[in-house]
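Q: Please see the structure below; I have some questions.
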Amino acid sequence: MAKDSTGDASGSGIVGRITALLKVLAETEGESSLSEIAARMNLPPSSTHRLLHLLLDEGFVDRGTDSRTYRAGLEFHRVGGLLASRADVPNLAHGFMQAVVDACDETCMLSLYVPRTRHAMVVRAIHGSHPLRYEAALYVPSSLVWGATGQGILAFLPEETIDEVLQAEGPSPVDPAKVVKPQSVRRELARIREQGYAHTKGQKIKGAEGFSAPVFNSNGVVAALCITLPDSRYKASMEVQLARTLMTQANLFSASLGWRGPVRQAKTA
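Printed below as a string of structure tokens:
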């Protein structure tokens with residue numbers, strides 16, 4: 054069923070009308086009839102029909118399972134996927150990060166996945182109003198295993214990649230006597246996948262509480278939105294709000310990068 058999406062193209066020229074039609078197709082779940090598309094664009098069915106056939110010829114529109122319905126075409130998906138895969142994730146993150154800070158008044162960070170070295174890297178940080186906070190070191194490679202900034206990414210990587218990361222991982226950056234226990238880490242990663250977010254305590258920074266939610270593009274996980282705050286300010290009752298805030302913005306960010314997988318909802322105890 055199509056989701057409600059509107060784009061008044063009645064006063065536009067041909068470029069404006071085609072742009073409006075592409076937006077309607079991109080925002081529609083499944084297939085739509087000619088009359089549904091025309092109504093959303095505020096155009097006569099005859100004009101909408103001509104536009105659809107222009108895009109059919111170029112592969113940007115396909116016929117639906119019923120010959121009287123239409124959907125976004127393979128070429129549209131290909132071009133959109135190319136653009137999304139080349140998106141500048143750090144520069145696009147600001148609005149979503151600011152929304153997190155506005156909602157909880159805590160530091161929000163963007164942790165980027167670096168596939169070549171199998172590391173996480175914090176590349177952006179926006180702070181709340183609290184003078185007591187943690188200053189993240191930017192552009193410094195860090196562990197995917199220890200801390201929320203890494204675990205929120207690691208949990209959603211392929212199993213073979215997780216194997217490689219666990220085999221190569223060193224001791225805790227906070228306590229060198231603490232080493233990786235693969236079975237324990239795997240149980241934690243499964244929990245993260247189930248609930249949709251990571252929550253750690255003092256794994257990378259002593260005295261810090263960390264939360265993160267994964268960010269995806271059309272190819273898979275690329276980053277995580279994270280919240281870090283001192284444990285002296287954290288209360289267990291804050292977990293639901295922090296998790297939901299992060300996941301809401303991570304879902305919106307992922308959609309903007311071309312992710313079309315399931316929308317994740319926070320599952321808290």
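Its first residue numbered 54, the sequence shown is counted upward by one per residue in this note's numbering. Don't be surprised by glycine CBs; every beta carbon is placed ideally from N, CA and C.
1. Cβ atoms of G314 and A266: under 8 Å apart, would you say?
2. Rounded to whole angstroms, what's the CA-CA distance from M109 to A189? Just pull it up for me.
3. Between S237, H172 and A251, which has its C-alpha nearest A221's C-alpha?
4. Going by other Cβ atoms of all chains shown within 10 Å of its Cβ, with 16 needed for buried, is N304 buried or exposed?
5. Helix, strand or coil for I179, going by three-state DSSP, please let me know.
6. Can you list, in chain order, the residues of its chain whose CB lies under 8 Å from that of D115, leaving out five sequence neighbours each side?
7. Evaluate Y187 with the Cβ neighbour count: other Cβ atoms within 10 Å of its Cβ, from every protein chain shown; 16 or more gives buried, anything less gives exposed.
8. Note down the Cα distance separating P229 from G117, rounded to an integer number of angstroms.
9. Quick one: what's F306 bridged to in DSSP?
10. Reducing DSSP to helix, strand and coil, say where G133 ends up.
11. Three-state secondary structure (DSSP) at S271?
12. Whole angstroms is fine: what's the gap from Y166's alpha carbon to V176's?
13. With H, G and I counted as helix, E and B as strand and the rest as coil, what does DSSP make of D57?
14. At what residues does the alpha helix (DSSP H) containing A230 begin and finish?
15. DSSP three-state label for L124, please.
16. Determine the contact status of V227 and K257, defining contact as a CB-CB distance below 8 Å.
17. Apart from the five residues on each side of it in sequence, which residues of its chain come closer than 6 Å, Cβ to Cβ, to S307?
18. What does DSSP give as the partner residue(s) for A208 in the beta ladder?
19. Are the stretch 238-251 and the stretch 147-155 touching by the rule of at least three beta carbon pairs closer than 8 Å?
20. Check this for me: beta carbons of E159 and G181, under 8 Å apart or not?
21. Based on Cα-Cα distance, which residue from E80, P98, T81 and V77 lies nearest to L87?
22. What three-state label does DSSP hand S195 in the structure shown?
23. Residues in its own chain within less than 7 Å of V233 by CB, not counting five upstream and five downstream?
24. Smallest Cα separation from N144: which of E80, K231, M300 and L163?
A: On the basis of the data shown:
1. no
2. What sits at residue 109 in the sequence shown is Leu, not Met. Each residue's alpha carbon lies about 49 Å from the other.
3. H172
4. buried
5. strand
6. L109, Y123, R124, A125, G126 and L127
7. buried
8. 59 Å
9. BP columns for F306 are empty, so no partner.
10. helix
11. coil
12. 10 Å
13. Here D57 scores only 42 on pLDDT, less than 50, and its place in the model should not be relied on; the value that follows carries that caveat. The answer is coil: DSSP assigns D57 none of H, G, I, E or B.
14. Premise fails: A230 is in no alpha helix (DSSP H) and is neither H nor E.
15. For the sequence presented, residue 124 should be read as Arg rather than Leu. Three-state result, R124: strand.
16. yes
17. V268 and F269
18. Paired residues: none, contrary to the question.
19. no
20. yes
21. P98
22. strand
23. V198, L219 and E222
24. L163
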